[in-house]
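Peer 1: Take 775 as the starting number for the sequence shown in the working numbering and just add one per residue.
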Amino acid sequence: MDGFGFSLTGGSALHLNTMSASARANILNELFSVNGIGVSYLRVSIGASDLDAEVFSYNDLPDGETDENLTKFSIEKDKENLIPVLKEILAINPNIKIMGSPWSAPTWMKTNNNSIGGSLKPEYFATYANYFVKYIQAYKAEGITIDAITVQNEPYHDGNNPSMYMEPTDQALFIKAHLGPAFEAANIQTKIVIWDHNADNTWYATSILDDADANKYVDGSAFHLYNGTINNLSTLHNSYPDKNLYFTEQWVGANSEFGGNLLWHTRELIVGASRNWCKTVLEWNLSSNSSLQPHTPGGCTECLGGITIDGNNVQRNEGYYIIAHASKFVRPGSYRISSNYSDELPNVAFKTPTGEIVVIVVNNTEIDKSFNIKTPGESISTSLKAGVVGTYVW
775 MDGFGFSLTG
785 GSALHLNTMS
795 ASARANILNE
805 LFSVNGIGVS
815 YLRVSIGASD
825 LDAEVFSYND
835 LPDGETDENL
845 TKFSIEKDKE
855 NLIPVLKEIL
865 AINPNIKIMG
875 SPWSAPTWMK
885 TNNNSIGGSL
895 KPEYFATYAN
905 YFVKYIQAYK
915 AEGITIDAIT
925 VQNEPYHDGN
935 NPSMYMEPTD
945 QALFIKAHLG
955 PAFEAANIQT
965 KIVIWDHNAD
975 NTWYATSILD
985 DADANKYVDG
995 SAFHLYNGTI
1005 NNLSTLHNSY
1015 PDKNLYFTEQ
1025 WVGANSEFGG
1035 NLLWHTRELI
1045 VGASRNWCKT
1055 VLEWNLSSNS
1065 SLQPHTPGGC
1075 TECLGGITID
1085 GNNVQRNEGY
1095 YIIAHASKFV
1105 RPGSYRISSN
1115 YSDELPNVAF
1125 KTPTGEIVVI
1135 VVNNTEIDKS
1145 FNIKTPGESI
1155 STSLKAGVVG
1165 TYVW
């Protein structure tokens, strides 16, 4: 396992960065230290996501202008909130892994010259590959290592703001002819991850991995679960067992029910994604405020953060507890190990680098359930109330 965590959206960073220094230090230590809940993996947007206050890229130009050499590339916008917060997090956990995902290329590279939808123009494939290189290098200069990138967030969801449509044939061509060679030329070790969309579609990833010239550059595939079933990921794993799988996003609705969210997300993601070969399990935004701001025009208006921040006040929401059940106990480098599965008691087991056994169990019924957890030479008897999640460590 690489880790469990959230997306540190621009809005999440904004809320954290506007807290007092002492209040921010307290919540960051609670979130990211091993004495707290030990969040161990973060996803950030490359440019804006829909949970930023405004749409931006790292190479925005007046209408009609282009910049094929990326002479005006700049991450200055990220230096306002995102990078300072990341540096504080890295001071707490220098080993945390970070994945970058773009919601859109700069508009001048797109077929519709718009932040919403459109596709990457073929004549800018090479330029956009260099855009990724510059991003990784710029963050490295700030002391931040980008462990992995996805080529495009939700390439079939082109109605978000920002967003960009990308067919698998284009993603394969972009990787094999431009992005992979550009990373090689710049000696960049950042992993390239494909798809980054729903589990109802595994053929998108398969069609790229079937292309040997693209395959050699691809570390694995990323998934969300707004459509499909989590078990589909095992089908992809069985076809390409040498390629990694990542679960990278699932949002919690602000007007939904705490217990139902805790049950579903733990069952489908913490248990389900892990049992179906994912190395990460990430919820969506780390933090929001009580008015669910900021978001871009057309961006998500109901995305509840793992925590809600208003001034220096912090409320811990479903996402916090969903991730905490795993992140505090299943540390990076842990391995998932075999365990019996039942629909009434969905569960997943891990062995940690220090030799501990961790079992996460969901009571997926409406009645209290007693059960045994057995390992060679040891057995414990325990119980969970209806709809409750338990983490067991020994």
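Where a beta carbon is used, it is the ideal one built from N, C-alpha and C, also for glycine.
Grab the span of the alpha helix (DSSP H) containing residue 798 for me, first residue to last.
Peer 2: Residues 795-806.
Peer 1: Candidates 1058, 1091, 1082 and 1054: which alpha carbon is nearest residue 871's?
Peer 2: Among 1058, 1091, 1082 and 1054, the Cα nearest to that of residue 871 is on 1054.
Peer 1: Taking 8 Å as the cut-off, decide whether the C-beta atoms of residue 848 and residue 832 are in contact.
Peer 2: Cβ atoms of residue 848 and residue 832: closer than 8 Å.
Peer 1: Between 860, 1017 and 791, which has its C-alpha nearest residue 914's C-alpha?
Peer 2: Nearest of 860, 1017 and 791 to residue 914, Cα basis: 860.
Peer 1: Output the distance between the C-alpha atoms of residue 1130 and residue 1110, rounded to the nearest integer angstrom.
Peer 2: Approximately 12 Å between the Cα atoms of the pair.
Peer 1: For the beta strand (DSSP E) containing residue 787, list its first residue and its last residue.
Peer 2: Premise fails: residue 787 lies in the alpha helix (DSSP H), 784-791, not in any beta strand (DSSP E).
Peer 1: Just to confirm, are residue 954 and residue 991 a CB contact at a threshold of 8 Å?
Peer 2: Going by C-beta atoms, residue 954 is nearer than 8 Å to residue 991.
Peer 1: Between which two residues does the beta strand (DSSP E) holding residue 970 run?
Peer 2: 965-972 is the extent of the beta strand (DSSP E) around residue 970.
Peer 1: Within 10 angstroms of its Cβ, does residue 1168 collect 16 or more other Cβ (buried), or is it exposed?
Peer 2: With fewer than 16 Cβ atoms within 10 Å of its Cβ, residue 1168 is classed as exposed.
Peer 1: Skipping 5 residues on each side, what residues in its chain have a beta carbon closer than 7 Å to that of residue 1052?
Peer 2: Excluding sequence neighbours, residue 1052 sits near 1007, 1019, 1020 and 1021.
Peer 1: For residue 817, write down the residues that DSSP places opposite it in a beta bridge.
Peer 2: Paired residues: 781 and 873.
Peer 1: Using only CA atoms, which one of 784, 1040, 782 and 788 lies nearest to residue 1084?
Peer 2: Closest by alpha carbon: 788.
Peer 1: Does DSSP put residue 827 in a helix, a strand or coil?
Peer 2: Coil at residue 827, not helix or strand.
Peer 1: Using only CA atoms, which one of 785, 1033, 1038 and 1144 lies nearest to residue 819?
Peer 2: Nearest C-alpha to residue 819: 785.
Peer 1: Keeping to the same chain, check which residues put their C-beta closer than 6 Å to that of residue 1162; ignore five residues upstream and five downstream.
Peer 2: These residues qualify, in order along the chain: 1137.
Peer 1: How long is the line joining the alpha carbons of residue 957 and residue 993, rounded to whole angstroms?
Peer 2: So the alpha carbons of these two residues sit roughly 13 Å apart.
Peer 1: Leaving out the 5 sequence neighbours to the left and right, which residues in its chain are closer than 8 Å to residue 817 when beta-carbon positions are compared?
Peer 2: Hits under 8 Å: 779, 780, 781, 782, 872, 873, 874, 875, 1022, 1023 and 1056.
Peer 1: Count the C-beta pairs between the segment 880-891 and the segment 823-843 that are closer than 8 Å, then say yes if the count reaches three, no if not.
Peer 2: Output reads yes: the segment 823-843 touches the segment 880-891.
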